[in-house]
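Student:
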Amino acid sequence: MKAHLPLIIIAFTLLACNENNEKAEENIKSVKYERIGFSNSNQTHRFSGIVKAEYETGLSFKVGGTLSKVDVKLGDKVKKGQLIGRIDPIDYEVQREQAVAQKKSAESQLVVARSTFSRAEKLYENNSVALSEYEQAKASLASAESQFKAANKQLEAANNQISYTRLNAPMNGVITSLMVESNELVSAGSIVAVLSSEGNPEVEVGIPESVIAKLQKGQEVTIELANDNFKGKIEKVAFASGQSSTYPVMVSITDPIGEIRPGMSAEVSFVMSKISDDQQNIIVAPIAAVGKDPQGHFVFVLQENSDSLYRVEKRKVIIGRMLDTGFEINNGLEGKELVVTAGIPFLRDSMKVKLLNK
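Converting from the sequence shown to the numbering used here requires adding 59 to each position, the first position being numbered 1.
1. Sorted by chain position, which residues of the same chain lie with C-beta nearer than 6 Å to Leu284's C-beta, five sequence neighbours on each side aside?
2. Select from Met331, Ser241, Asn231, Glu257 the residue whose C-alpha is nearest the C-alpha of Glu113.
3. In the stretch 118-158, which residue ranges form an unbroken beta strand (DSSP E) of at least 3 residues, counting only runs that do not cross its ends?
4. According to the Cβ coordinates, are Ile403 and Gly391 closer than 8 Å?
5. Locate the alpha helix (DSSP H) running through Leu190, then write down its first and last residues.
6. Is Pro267 helix, strand or coil when you go by DSSP?
7. From the DSSP output, in three-state form, read off Arg407 for me.
8. Starting from the N-terminal side, write out each stretch of the alpha helix (DSSP H) that is 4 residues or longer and does not extend beyond the stretch 246-333.
9. Give the DSSP bridge partners of Ser98, in chain order.
10. Thr224: buried (16+ other C-beta within 10 angstroms of its C-beta) or exposed?
11. Keeping to the same chain, check which residues put their C-beta closer than 8 Å to that of Lys375; ignore five residues upstream and five downstream.
12. If you measure between the beta carbons of Phe106 and Val343, is that distance less than 8 Å?
13. Return yes when at least one heavy atom of the ligand PLP lies under 7 Å from the C-beta of Lys197, else no.
14. For Thr384 and Lys91, I'd like the C-alpha separation in whole angstroms.
15. Using the DSSP secondary-structure output, state which residues sit across from Ile346 in a beta bridge.
16. Kindly indicate which three-state DSSP category Thr175 falls into: helix, strand or coil?
17. Tell me the rounded alpha-carbon separation between Ala297 and Val262.
18. Output the boundary residues of the beta strand (DSSP E) element that contains Asn364.
19. Short of 7 Å in beta carbon distance, which residues of its chain neighbour Ser119, apart from the five on each side in sequence? Order them along the chain.
20. Does the beta-carbon of Ser311 have 16 or more other beta-carbons within 10 angstroms, so that it is buried, or is it exposed?
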């Protein structure tokens, strides 16, 4: 029995080692992975914007006075010619009555002047009056005619003033802003409401200086608005930013559906073309593959170790821009490497792993 004891101990040792190896293999993590690829330098940039009407006009009265009634509410759809509001016309009606009286007076004076001139003309032809009397009658007639014309113009102006106390919509549209209420005193020319056209809405987007040069009229975009996505295209690219740090760009909405109103918020995605030919093949790592620690950014590169097993190598990388497909890698990768794309916080350098689904 003593002779066989060493063999028994060796057998148990080998069995224990085998069991430990099996447990170790059972504890090896399976990881998701992707192969590093190349991409052109196309980038997708998203900017916030505001829906604007194709046409927008401020409405104002041509005369001032007390606003007797506002005939619309904010958000109302109106037709061309529809009444928006009215000013109390009583003061202007008094002016018209005065103009009517002045016209009647001028008309009476004109009748007298014509009669006087007609009589003087006949007497002058018969040498019954002096030339001076004839000239005086002629001048009086000319003055009466001038006063009558002026009185007519004054009455026309008074009628216009009364018509100006009623504000009508110059086009079909929607009341998108209302600045006044009934019984307020308004001055001539002050904006009381804003009327926006209904058709062909646009989105105004503020674009920073670093991006504006890459955009051009007619370029297609994607618009996220009211929980829907729409296609669109750039209609106008501003050449000056005014007092703002961004440049306004107007984007039309292709085949808009649903209730799209001026003032709504929108997100517009612009795809930028590559900047130069030498950036055609840049290395791009998936966003999920890039981690960060106090030393900087890193990825876990998978190095084949044996059949179905890999060793992870923690490799420092220098990232560039965020593209639509991932991070641009400026240093640390050569392309074609396999990198881990999930569970990065649970990995360590040189750790053995298996590829998921392999």
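Just so it is clear, CB atoms sit at the ideal spot from N, CA and C, and this is done for glycine as well.
Tutor: Looking at the atomic coordinates:
1. Ala325
2. Glu257
3. 124-129, 142-146
4. no
5. 190-222
6. strand
7. coil
8. The stretch 246-333 is shown to contain whole alpha helix (DSSP H) runs of 4 or more residues at 268-271, in chain order.
9. Per DSSP, Ile341.
10. buried
11. Gln354, Gly355, His356, Phe357, Gly391
12. Cβ atoms of Phe106 and Val343: not closer than 8 Å.
13. By its list of ligands, the structure shown contains no ligand whatsoever, and the ligand PLP lies outside what it can speak to.
14. 17 Å
15. None, per the DSSP bridge assignment.
16. helix
17. 14 Å
18. 355-365
19. Excluding residues within five positions, the ones whose Cβ falls inside 7 Å are Gly248, Ser249, Ile250, Val251.
20. buried
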